[in-house]
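Just so we're on the same page, the working numbering is the position in the sequence shown counted from 1, plus 5.
Notes follow once the structure below has been shown.
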Amino acid sequence: MRSDTGGAAAVPRARARISPVFWFLFPWALIYGAFFVFPFVFSFILGFLQYNPLNVGNTHFVGADNVLRLFKDREFHGALRNTLVFVLGTVPVTTALALALAFLLRGRAGARVGRVALGDAIKAAMFLPSILSMVVIALVFKLFYAPGGALNAALAHAGIQGHGWLTDPRTALPAIMAMDVWAAVGYYALVLHAASTAIPDSLYEAAQLEGASAWTTFRHVTFPLLKPAIGFVLVINSIRSFQVFVEVLVMTQGGPLGSTNTLVMMLYDTAFRRLDYGYASVIAYAVFILSGVFSLLAMRRMRSETAPTGPRGVAA
């Protein structure tokens, strides 16, 4: 009679061959596949279809029509222009202000007001906007920019006529950009300040002994040693700014006259208001590709500036 003990023993051995790493990675891989890989592939497929979730029976293949439509769409051109203006207008200003604040914060690190460390109090105040919801910040600034808001009240007190900041196409986008700079500058200043703490104090002491001014010290000591951190801030801030959406949705919804319509705002409007999921998928891939190219160029520039050089200035 044949014994089954060999087969029964093979089952535990087969189970034992499965590494414990598999059981740790499997839940993550399942979530990653469900919430990233599947939507990524499904969105790519939708780009070749005319698809309305409320009229699935009318779904049909349109080939590259959605892509060709993107290149001819004036609304897309306007949204792309507004997005580029937003990125090029906020990222350099935010980075420059963050760098200045980080430099000033380093000089106030040991100061105290009573029992309170001035540096810690400033850091807490700078970080506060980062922990607030962007919806809350946008609502506050919408009230701030309103015709009867605090900004116009302050201007009236100074004898200056008020203005419809969010209703004028000329000022709506700059108003949102100013709010974005205010909301982001504190966080990036703390990132740069943390990087500046790695700079040896001996370099600043040597610069002081040489009689260097604050600007000279910043230009020849702080800035060169902070280039990697500055590059990081530029890349992260560029990606974030390229995907600007919440503040536009809350404050203007893309108006007036499309003056604040950005790529992600157009994507939202196309998908969830017009229910044109095929064209919205093409817009989503356009945002993905453009932000990726923008980030890669910034990272490449950062690597070229921080690469070690040989005796003749040639990258090692």
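Beta carbons are placed, not taken as given, at the ideal position from N, Cα and C, and that holds for glycine.
About 4 Å separates the Cβ atoms of Ala107 and His198, confirming a contact at the 8 Å cut-off.
Between the segment 243-256 and the segment 31-42, the count of C-beta pairs closer than 8 Å stays below three; the two stretches do not touch.
The C-beta distance from Leu268 to Leu85 rounds to 6 Å, short enough to fall under 8 Å. Judged by DSSP in its simplified three-state form, His168 adopts coil rather than helix or strand. Taking C-beta atoms as the reference points, Val287 and Asn63 fail to come closer than 8 Å. By the neighbour-count definition (other C-beta atoms within 10 Å, threshold 16), Asn60 is an exposed residue. Straight-line measurement puts the Cα of Tyr192 at about 32 Å from the Cα of Ala39. DSSP places Val61 in no alpha helix (DSSP H); its state is neither H nor E. Scanning its chain for C-beta atoms nearer than 7 Å, with the 5 sequence neighbours on each side dropped, one finds around Met304 the residues Val240, in chain order.
Beta-bridge partners assigned by DSSP to His65: Gln55. The C-alpha of Ala159 is placed about 21 Å away from the C-alpha of Leu178. When the five nearest sequence neighbours on each side are left out, the beta carbons in the same chain lying within less than 6 Å of the beta carbon of Lys147 are those of Met256, in order along the chain. Bounds of the alpha helix (DSSP H) holding Ala276 are 268-277.
His225: not part of any alpha helix (DSSP H); DSSP gives it neither H nor E.
Counting the other Cβ atoms within 10 Å of the Cβ of Thr99 gives 16 or more, which makes it buried. Taking a C-beta distance under 8 Å as the contact criterion, Pro261 and Thr172 qualify as a contact pair. By alpha-carbon distance to Gly153, the top candidate from His168, Ala105, Arg278 is His168. One Cα belongs to Leu302, the other to Ile235, and the distance between them is close to 15 Å. Distance from the CA of Ala151 to the CA of Arg308, rounded to the nearest whole angstrom, comes to 44 Å. Within 10 angstroms of the beta-carbon of Phe81 lie 16 or more other beta-carbons, which makes it buried.
Here Leu156 carries a helix assignment [DSSP, helix/strand/coil]. Taken through DSSP and simplified to helix, strand or coil, Ala217 comes out as coil. Excluding residues up to 5 positions away in sequence, Gly167 lie with their Cβ nearer than 7 Å to the Cβ of Ala161 in the same chain.
For Val141, the number of other beta carbons within 10 angstroms of its own is below 16, and it is reported as exposed. Listed in chain order, the non-local C-beta contacts of Ser201 below 7 Å within the same chain comprise Ala107, Arg111, Thr227, Leu231, local neighbours out to five positions each way being set aside. Distance from the Cα of Arg79 is smallest, within the candidate group Phe41, Pro97, Ser264, for Ser264.
Phe299 is a Cβ neighbour of Ser243, given a cutoff of 8 Å.
Here the alpha carbons of Ala219 and Leu51 stand approximately 57 Å from one another.
Judged by DSSP in its simplified three-state form, Val249 adopts coil rather than helix or strand. According to the DSSP assignment, Ser201 belongs to the alpha helix (DSSP H) that extends over 177-201. In the structure shown, Leu280 falls within a coil segment according to DSSP collapsed to helix, strand and coil. Distances from the CA of Arg245 to each of Leu295, His225, Leu54, Asp274 were compared; the closest alpha carbon is that of Leu295.
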